[in-house]
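Chemist: Numbered according to mature numbering (1 follows the signal peptide of the UniProt record, and there is no 0), the sequence shown spans residues -20 to -1, 1 to 405.
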Amino acid sequence: MFLAIVGIVYILLVPDKTEAINPPTAVLDLSDKFLDVKDEGMWFVEFYAPWCAHCKRLHPVWDQVGHSLSDSNLQIRVGKLDCTRFPAVANKLGIQGYPTITFFRNGHAIEYRGGREKEALVSFAKRCAAPIIETIKENQVEKVKLSARSQPSYIFFGHSSVARFYTVAPSKEETNFRQRVVVLKDNVEIEFQEDIEALKDWVVRERWPTFVHATSSNLAELGASGKLVVLIVSSESQKFNTTSPVREFHKVAEDASKEMRKHSALWNRFQFAWLDGSDLASQIQMASVSEPHLFVFNYTSYEYYLSEDEPSQMTIKSIFTFLEQTAEGIDKGTIIAFGGRNLLTRMKRMIFELYWNIAQMFATQPLLSSCLFGVPIAFLSIICYSICSADFTVDRDEFYGDEALEDEEEETDTIETDDDHEKAE
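1. Please work out which residues of its chain come closer than 8 Å, Cβ to Cβ, to V142, disregarding the five sequence neighbours upstream and downstream, and give them in chain order.
2. Which full runs of the alpha helix (DSSP H) of 4+ residues lie inside the segment 278 to 330, going along the chain?
3. Less than 8 Å separating the beta-carbons of E20 and K60?
4. Could you tell me whether the Cβ atoms of T80 and A29 are closer together than 8 Å?
5. Y285 and F300 look like a contact to me (Cβ under 8 Å); what is the Cβ gap, rounded to whole Å?
6. State the CB to CB distance for the pair F14 and V58, rounded to an integer number of angstroms; the pair is presumed to be in contact (CB under 8 Å).
7. Quick one, which of E174, S197 and L202 has its alpha-carbon nearest R187's?
8. If we count Cβ pairs, one from each stretch, closer than 8 Å, do we get three or more for the segment 232 to 245 versus the segment 255 to 263?
9. Per DSSP, which one or two residues make a beta bridge with V25?
10. Hey, could you find the ends of the beta strand (DSSP E) F66 is sitting in?
11. Which of the three DSSP states is assigned to A200 in this structure?
12. Beta strand (DSSP E) containing L164: first to last residue?
13. With H, G and I counted as helix, E and B as strand and the rest as coil, what does DSSP make of L274?
14. Measuring CA to CA, which of H230, G206 and D289 is closest to F191?
15. Given that a residue counts as buried once 16 or more other Cβ atoms are within 10 Å of its Cβ, and exposed if not, what is I316?
16. Just reading off the beta strand (DSSP E) that D256 is part of, what are its end residues?
17. Does the segment 40 to 49 come into contact with the segment 90 to 109, if we say contact requires no fewer than three beta-carbon pairs (one atom in each stretch) closer than 8 Å?
18. In whole angstroms, give me the CA-to-CA distance for E228 and S215.
19. Which residues bound the alpha helix (DSSP H) around E216?
20. With 16 other CB atoms within 10 Å as the buried threshold, where does T82 fall?
21. Assuming contact is defined by CB atoms lying nearer than 8 Å, are L208 and F250 in contact in what I supplied?
22. Which whole-angstrom value is the C-beta distance of D12 and F84, which I expect to be below 8 Å?
23. Measure the alpha-carbon distance for D16 versus G87 and round it to whole angstroms.
24. Classify E239 as helix, strand or coil using the three-state DSSP reduction.
25. Do I56 and A105 come within 8 Å of each other at the CB atom, strictly closer than that value?
26. Do A200 and Y92 have their beta-carbon atoms positioned less than 8 Å apart in this structure?
27. As a quick exercise: from I338, R37 and Y365, pick the residue whose alpha carbon is nearest that of F353.
28. Looking at the secondary structure, which residues open and close the alpha helix (DSSP H) in which I357 lies?
29. Do you know how far the Cα of I367 is from the Cα of G257?
30. Please list the terminal residues of the continuous alpha helix (DSSP H) segment that includes I264.
31. Helix, strand or coil: how does DSSP classify F104 here?
32. Could you check what DSSP says for D43 in three-state terms: helix, strand or coil?
33. Under the rule that 16 or more other beta-carbon atoms within 10 Å means buried, what is W182, buried or exposed?
Structural data, given as structure tokens:
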């Protein structure tokens, strides 16, 4: 009942503006027939629920994505599917949360886990629609290097391909051509120098930029690389403030991530990433985290490790020392790990996330939050007061009627007559 009242109040107070205005859109409304056509060509689909607030915020962006991809002359059909109307489709495709964004290429599903900005979504769709391996000429490598600043690109120099993205065939005039596999990222060309059996693991390790922006959407992907994630709690707005300590620490951490390339043991063990704001870090640590901050996070076990040094006092050398001590402590089992996935910690995390979400609601929208929680509580209070203050006593006359009253009066008269006789005697 409580949830029903909350839902009614939310619908009354927050009208769906996206449904009130229906501009022309290039996004298709899909039905359960999508299962019959998903293996045909390329589809970029948003799976949503009408009551989901995140989905409502994504809808205008998704319309822009549809228009952008339709203007790009790519054979990509953009659609959206209401999982509350077609739950069988959601169950068949394994949709677990909303919104879920998936690219279907001839039946092969590629789930999107990045940011929900238009540019990032369009870029992801174009990469998924591109040839798995694209053949280029050597004079086009420089162009690939420019595009590799935001997304690493793998190139195989040779006649046959063993890596994704690009392959470069030698020209007839080339005399010093050498077969090799390289990854271009952060304006650096990194060559693969291990056994061919280790190529897949190398690709997974090198798939992220040196200092990547971490979000709740891509944190799992970062953890899947097999590396421990060094999370830097920073702020996008403070990165350009020359007097801010957040900017200074962000610069030190970024320089440390680049310098770590020279330390192969650390490079193969850690991945640097930065967070815009402390919300995600607070949820991981189940405590209030301030900016700037640094900690090492193991997504597999959901454990994290803290440094004893203050961020303002950290240098590149002290960061490396902390990482070396962390790696050694994990190997020997001597370091203290916080968090985890045991039952007690999970319950504690659920309680903290509930508290944190409610606190964020009141901090960002105090009036709406007061109505969402205040109105149902007021209804329940009135109901409880009515129950507690109700008079459940029954009048004897209403229960027994007039006949019982006459019988009672006759009995009283009889008793009085008997008393008079006793007195007379």
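No residue lacks a Cβ here, since even glycine has one placed at the ideal position from N, Cα and C.
Modeler: Reading it off the structure:
1. For the purposes of this step, residue 142 is taken as residue 162 along the sequence shown, with counting starting at 1. Its pLDDT being 33, under 50, V142 is placed unreliably by the model, and nothing is read from it.
2. For the segment 278 to 330, whole alpha helix (DSSP H) runs of length 4 or above, ordered along the chain, are 296 to 312.
3. Locating residue 20 in the sequence shown gives position 40, where the first residue counts as 1. Locating residue 60 in the sequence shown gives position 80, where the first residue counts as 1. Taking 8 Å as the Cβ cut-off, E20 and K60 do not qualify as a contacting pair.
4. By 1-based counting over the sequence shown, the position of residue 80 is 100. By 1-based counting over the sequence shown, the position of residue 29 is 49. Taking 8 Å as the Cβ cut-off, T80 and A29 do not qualify as a contacting pair.
5. For the purposes of this step, residue 285 is taken as residue 305 along the sequence shown, with counting starting at 1. For the purposes of this step, residue 300 is taken as residue 320 along the sequence shown, with counting starting at 1. With a Cβ gap of about 15 Å, Y285 and F300 do not count as contacting.
6. Within the sequence shown, the letter at position 34 stands for residue 14. Within the sequence shown, the letter at position 78 stands for residue 58. Contact flag wrong, Cβ pair sits at about 13 Å.
7. Here the question's residue 187 lines up with position 207 in the sequence shown. Measuring from the Cα of R187, the nearest candidate turns out to be L202.
8. Three or more Cβ pairs closer than 8 Å define a contact, and the segment 232 to 245 falls short of that threshold against the segment 255 to 263.
9. Here residue 25 corresponds to residue number 45 of the sequence shown, with the count starting at 1. Looking at the DSSP assignment, V25 forms a beta bridge with G59 and T82.
10. If you number the sequence shown from 1, residue 66 lands on position 86. Run containing F66: none; DSSP gives neither H nor E here.
11. Locating residue 200 in the sequence shown gives position 220, where the first residue counts as 1. Three-state DSSP puts A200 in a helix.
12. The count along the sequence shown starts at 1 and reaches residue 164 at position 184. Start and end: R160 to K165.
13. Reading the sequence shown from its first residue, position 294 is the one you call residue 274. Three-state DSSP puts L274 in a strand.
14. One-based indexing of the sequence shown puts residue 191 at position 211. Closest by alpha carbon: H230.
15. Here the question's residue 316 lines up with position 336 in the sequence shown. When all chains shown are included, I316 counts as exposed.
16. On the sequence shown, residue 256 is found 276 positions in, with the first residue counted as 1. Its beta strand (DSSP E) spans residues F250 to D256.
17. yes
18. Mapped onto the sequence shown, residue 228 falls at position 248. Mapped onto the sequence shown, residue 215 falls at position 235. Cα to Cα, the separation comes out at about 11 Å.
19. Counting from one through the sequence shown, the residue named residue 216 turns up at place 236. According to the DSSP assignment, E216 belongs to no alpha helix (DSSP H), since it is labelled neither H nor E.
20. Mapped onto the sequence shown, residue 82 falls at position 102. By the 10 Å Cβ count, T82 comes out buried.
21. Locating residue 208 in the sequence shown gives position 228, where the first residue counts as 1. Locating residue 250 in the sequence shown gives position 270, where the first residue counts as 1. Yes.
22. Translated into positions along the sequence shown, residue 12 becomes position 32. Translated into positions along the sequence shown, residue 84 becomes position 104. Contact flag wrong, Cβ pair sits at about 15 Å.
23. Residue 16 sits at position 36 when you count from the first residue of the sequence shown. Residue 87 sits at position 107 when you count from the first residue of the sequence shown. For D16 and G87, the distance between alpha carbons rounds to 10 Å.
24. As a first step, residue 239 must be located in the sequence shown, where it is residue number 259. Helix, per DSSP.
25. For the purposes of this step, residue 105 is taken as residue 125 along the sequence shown, with counting starting at 1. For the purposes of this step, residue 56 is taken as residue 76 along the sequence shown, with counting starting at 1. Against a cut-off of 8 Å, the Cβ pair of I56 and A105 comes out as a contact.
26. Counting from 1 along the sequence shown, the entry for residue 92 is found at position 112. Counting from 1 along the sequence shown, the entry for residue 200 is found at position 220. Not in contact: Y92 and A200 (Cβ atoms no closer than 8 Å).
27. The sequence position of residue 353 within the sequence shown is 373, counting from 1. Of the candidates I338, R37 and Y365, the one whose C-alpha sits nearest the C-alpha of F353 is I338.
28. As a first step, residue 357 is located in the sequence shown; it is residue number 377 there, counting from the start. It spans P346 to S369 - the alpha helix (DSSP H) in which I357 sits, taken as one unbroken run.
29. Counting from one through the sequence shown, the residue named residue 257 turns up at place 277. Counting from one through the sequence shown, the residue named residue 367 turns up at place 387. So the alpha carbons of these two residues sit roughly 47 Å apart.
30. The residue given as residue 264 occupies position 284 in the sequence shown. I264 -> alpha helix (DSSP H) spans D259 to Q265.
31. Counted from its first residue, the sequence shown places residue 104 at position 124. F104: helix per DSSP, three-state reduction.
32. Translated into the one-based positions of the sequence shown, residue 43 becomes position 63. Helix at D43.
33. As a first step, residue 182 is located in the sequence shown; it is residue number 202 there, counting from the start. The residue is buried, with at least 16 neighbouring Cβ atoms inside 10 Å.
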